[in-house]
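Engineer: One structure, as structure tokens, below. Some questions next.
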Amino acid sequence: MTDLAMIPIGKPVVMTDLNKIEDRLRRRLLALGFYEGCPIVVRRRASFQGPLTIEQRDHHQMIAIRKSDAKNIGVFLP
Amino acid sequence: MTQKIALLGNPNTGKTSLFNRLTGSYAHVGNWSGVTVDKKVGKLHGNRGQLIDMPGVYDLDPLSADEAVVARFLMEESFDGMINIIDASQLERNLQLTAQLLEIGKPIQIGLNMMDVARTRGTTIDAEALAKELGVDVFPIVARTGDGCEVLLSSIPEAAKKYTPLRIDYGQKTEQAITAIIEIADLQEQERWMAVQYLAGNRVFVEYLEKKSPRIIEVRKELERQLGRFIHAHITECRRNWAVAIRAGSVVEEKSDRKTWTDRIDAVVTHPILGLPIFFAVLYVLFHVTFNWMGAPLSDLLGAFIEGPISTGVVFVLTQLGASGFIQDLLIDGVIAGVGGVLVFVPQIFVLFFFISFLEDSGYMARVAIVMDRFMQMVGLNGKSFIPMIIGFGCNVPGIMAARSVEEERERLVTIFISPFMSCSARLPIYAVFAGSFFASNQAMIVLSLYILGIVLALLAAKVFSKVLAAEEATSLFLVEQPPYRVPQGLTLWRSTWQKGKGFVRKAGTFIFGGSVVIWLLAYTGPGGFNVNMNDSFLAMIGGLIAMLLIPLGFGTWQAGAALITGFLAKEVVVSTMAIIYAVNESELGRQLAGQFTPLSAYSFMAFVLLYVPCLATVAVIRREVGSAKWTWIASLYGLFVAYSISFLIYQTGHALGFS
Chain A
1 MTDLAMIPIG
11 KPVVMTDLNK
21 IEDRLRRRLL
31 ALGFYEGCPI
41 VVRRRASFQG
51 PLTIEQRDHH
61 QMIAIRKSDA
71 KNIGVFLP
Chain L
79 MTQKIALLGN
89 PNTGKTSLFN
99 RLTGSYAHVG
109 NWSGVTVDKK
119 VGKLHGNRGQ
129 LIDMPGVYDL
139 DPLSADEAVV
149 ARFLMEESFD
159 GMINIIDASQ
169 LERNLQLTAQ
179 LLEIGKPIQI
189 GLNMMDVART
199 RGTTIDAEAL
209 AKELGVDVFP
219 IVARTGDGCE
229 VLLSSIPEAA
239 KKYTPLRIDY
249 GQKTEQAITA
259 IIEIADLQEQ
269 ERWMAVQYLA
279 GNRVFVEYLE
289 KKSPRIIEVR
299 KELERQLGRF
309 IHAHITECRR
319 NWAVAIRAGS
329 VVEEKSDRKT
339 WTDRIDAVVT
349 HPILGLPIFF
359 AVLYVLFHVT
369 FNWMGAPLSD
379 LLGAFIEGPI
389 STGVVFVLTQ
399 LGASGFIQDL
409 LIDGVIAGVG
419 GVLVFVPQIF
429 VLFFFISFLE
439 DSGYMARVAI
449 VMDRFMQMVG
459 LNGKSFIPMI
469 IGFGCNVPGI
479 MAARSVEEER
489 ERLVTIFISP
499 FMSCSARLPI
509 YAVFAGSFFA
519 SNQAMIVLSL
529 YILGIVLALL
539 AAKVFSKVLA
549 AEEATSLFLV
559 EQPPYRVPQG
569 LTLWRSTWQK
579 GKGFVRKAGT
589 FIFGGSVVIW
599 LLAYTGPGGF
609 NVNMNDSFLA
619 MIGGLIAMLL
629 IPLGFGTWQA
639 GAALITGFLA
649 KEVVVSTMAI
659 IYAVNESELG
669 RQLAGQFTPL
679 SAYSFMAFVL
689 LYVPCLATVA
699 VIRREVGSAK
709 WTWIASLYGL
719 FVAYSISFLI
729 YQTGHALGFS
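Residue numbers (our numbering), protein chains in the order written: chain A, 1 to 78; chain L, 79 to 738.
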């Protein structure tokens, strides 16, 4: 298991741990269909350590989150 | 009694388009209890009642002040039904909200939008099957073109049928907790949804129910212990399972891995290196088109019309009526010069608002938030704060209100405080006059430099305010949905352009009209009586008082002093005042000013006008959004200090470098 910030662009992974992030961020992620066990992929990274654009592979929802938050999200490489 | 229908849905699902399709005009803007927030209320076509437009939310559980409005409305207001708009291409996510609305048990209709987008992704939805699964009416619609909206409208039930609330089984432990809460808090059976919202930690319901019966806290804590995980995660999972089942029964899906247009555009505009230059290029093109290509020629045409046929017409009618010299002067030199001087800029302002609406509707703003987030973080803000700032280019008032979408309270406040530095469209007439006569050949460049000056100072101010307001633990929430790009639709664009621009026209009829009459009177009268030489007028005396302070800034004339005082009413009044003082119309004003200002002092003056104080309307909205008199004073007056320092620097440095 590793964290989301380490994952290269285009590598399919599964989100496994949302316990370490802030409560409101977790609530918003859940509402947008990002939950522990869902398949995701990093699509883009902004320059200067900026936000990552990630996609939920089941329903193609795209969101951007900060790299500092991505560091606290656990993922599993299948 | 007219019935009240609430329009609800996720953000970016075409809610505003549907609102525009179903209603004629904005009937009124109402206030709802709780936070004072403007709600759009429209009259449904065919006298079917009122439609209330709610802010877009993903969940009834609010993370920002804006979203809390929805939960408060559903809890406190009485309404007769709901229309829930769903994005077919994101069915599962949208159904999360639908589940919560169905649990309420009020009459509900579903508008299924963006079936076409879903189809390009290989998803076909059977609307009839979906209706059967959900147990409510589902109408396939295309909100952009209006297809299917008629059917939805005509099926709004006249008299409310009985609807049974949806009951999702949340599992034995949670169900027991729900029952316990209903009992302890003394809720009705049909208020079960409130208990569910409470357990999920929806802060609106937590506040309300815990005040009513504090004992329920124990139930929530006990349940969390039993589940061994966050309750909201468990509840969301149950709803997701429900949504997955519904989806399975109504959707035919095929795999498609086609690269969409959105991917291709994003590869360019959010490019790690190109993203930022592209954003600034977009801004430059926006201003260039607004000023040089479209706005200026249109304004010239309108100006010629006001100076020509209208002025001569009024003079002719007044002479025919035998009006006194006083009345003639008042109307020609006061009202027409003052109001006309501002009205000529209406076309430019509408063009600017049009482009801002275009950027908002296309989906580009969400990308701007990504591109700008790192920079905004450096000054203690959030990429999302940049969106209210851009809206502030049109008008600071909606910009400040848009700051509600920033979840973190500290970041929201700072965004509000720095908003007045965003150069709004009311400052345009001033730039247009000064840049037009002193920097004719590179007008767009000069104006753009002022906008950038505003942005840079806003960011510096943000840094200072963030430091002042920083709590022990400065948290920040950043999660921005990246919706697919869309070509904005004509009707919606026009509506939102008009919505934003009409305030400017209305101001011309009220503030600027009144201000023009008062300014003209002050210029017409003096200690020596009526019709005095302007230099001996009351206005000259008032302006003269502060003119001395303005000498180091390069424009220490009583005319500039008087114009700046009146500019507090509304920034564009600066131009009206000058037109009245110099007794000329707008096109000649530039020539008049050439004798009073140098290019350097003109630039210093423009910078001062950009920064010095927010206008009256902005101060009022800051007061309302900030909710504290002290912070309103600070937010309104710190600009004066900044303006003085910057203009001083510009003029004195420029002077030392040999510019004039």
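Every residue, glycine too, gets a C-beta built ideally from N, C-alpha and C.
These figures come from a predicted structure and were not determined experimentally.
#1: Can you tell which of 167(L), 242(L), 481(L) has its C-alpha closest to the C-alpha of residue 268(L)?
#2: How should residue 379(L) be labelled, buried or exposed, when 16 other C-beta atoms within 10 angstroms of its C-beta is the threshold for buried?
#3: Among 147(L), 522(L), 650(L), whose alpha-carbon lies nearest the alpha-carbon of residue 582(L)?
#4: Taking C-alpha atoms, which residue in 140(L), 371(L), 534(L), 195(L) lies nearest to residue 425(L)?
#5: Among 622(L), 548(L), 443(L), whose alpha-carbon lies nearest the alpha-carbon of residue 459(L)?
#6: Just checking, does the stretch 248 to 262 of chain L make contact with the stretch 313 to 329 of chain L on the three C-beta pairs under 8 Å criterion?
#7: What is the DSSP secondary structure of residue 163(L), reduced to helix, strand or coil?
#8: Alpha carbon to alpha carbon, what distance is there between residue 327(L) and residue 209(L)?
#9: Taking buried to mean at least 16 other C-beta atoms within 10 Å of its own C-beta, is residue 233(L) buried or exposed?
#10: Return the chain-ordered list of same chain residues with a C-beta closer than 6 Å to the C-beta of residue 176(L), the five sequence neighbours on each side being excluded.
#11: Under 8 Å between beta-carbons, which chain D residues line up against residue 45(A)? List them in chain order, please.
#12: Counting only runs that start and end within the stretch 176 to 224 of chain L, where is the alpha helix (DSSP H) found for 4 or more residues in a row?
#13: For residue 216(L), which residues in the same chain have their Cβ closer than 6 Å to its Cβ, ignoring the five residues on either side in sequence?
#14: Which chain A residues sit within Cβ distance under 7 Å of residue 141(L)?
#15: For chain L, is any of its Cβ atoms less than 8 Å away from the one on residue 33(A)?
#16: Which bits of chain A does residue 136(L) rub up against, with CB to CB less than 8 Å?
#17: Per DSSP, which one or two residues make a beta bridge with residue 52(A)?
#18: How big is the Cα-Cα spacing for residue 167(L) and residue 224(L)?
#19: Would you please verify whether the beta carbon of residue 436(L) is less than 8 Å from any beta carbon of chain A?
#20: Going by CA-CA distance only, name the one from 290(L), 368(L), 556(L) that's closest to residue 22(A).
#21: Should residue 102(L) go down as buried or exposed, given a rule of 16 or more other Cβ atoms within 10 Å for buried?
#22: Enumerate in chain order the residues of its own chain whose CB-to-CB distance from residue 723(L) is below 8 Å, with the five nearest sequence positions on each side excluded.
#23: How long is the line joining the alpha carbons of residue 598(L) and residue 381(L), rounded to whole angstroms?
#24: Between residue 339(L) and the rest of its own chain, which residues show a CB-CB distance below 7 Å, the 5 nearest in sequence each way excluded?
#25: For residue 65(A), decide whether its Cβ has a neighbour in chain L, counting only Cβ atoms nearer than 8 Å.
#26: Tell me whether the beta-carbon of residue 47(L) lies closer than 8 Å to the beta-carbon of residue 90(L).
#27: Per DSSP, residue 39(A) is paired with what?
#28: Is it true that the CB of residue 462(L) sits closer than 8 Å to the CB of residue 483(L)?
#29: Between which two residues does the beta strand (DSSP E) harbouring residue 234(L) extend?
#30: Once the 5 residues before and after residue 527(L) are set aside, which same chain residues still bring their CB inside 7 Å of it?
#31: Mind listing the chain L neighbours of residue 78(A)? Cutoff is C-beta to C-beta under 8 Å, in chain order.
#32: Taking only three categories from DSSP, how would you classify residue 691(L)?
#33: If distances are taken between C-alpha atoms only, which option among 228(L), 137(L), 446(L), 645(L) comes closest to residue 507(L)?
#34: Using beta carbons (cut-off 8 Å, strictly below), is residue 312(L) in contact with chain A?
#35: With burial defined as no fewer than 16 other Cβ atoms inside 10 Å of the residue's Cβ, what is the status of residue 560(L): buried or exposed?
#36: Can you give me the C-alpha to C-alpha distance between residue 487(L) and residue 472(L), rounded to a whole angstrom?
Structural biologist: Short version:
#1: 242(L)
#2: exposed
#3: 650(L)
#4: 371(L)
#5: 548(L)
#6: yes
#7: strand
#8: 10 Å
#9: exposed
#10: 162
#11: No chain D appears in the structure shown, which is made up of the protein chains A and L.
#12: 193 to 198, 205 to 212
#13: 188, 190, 205, 208, 209
#14: 24, 27, 28
#15: yes
#16: 28, 31, 32
#17: 45(A), 65(A)
#18: 18 Å
#19: no
#20: 556(L)
#21: exposed
#22: none
#23: 20 Å
#24: 563
#25: yes
#26: Absent from the structure is residue 47(L), since the part of chain L shown begins at 79 and ends at 738.
#27: 14(A)
#28: yes
#29: Neither: residue 234(L) is in no beta strand (DSSP E) and is coded neither H nor E.
#30: none
#31: Going along chain L, no residue has its Cβ under 8 Å from residue 78(A), so there is no contact; the nearest lies around 18 Å.
#32: coil
#33: 645(L)
#34: no
#35: buried
#36: 24 Å
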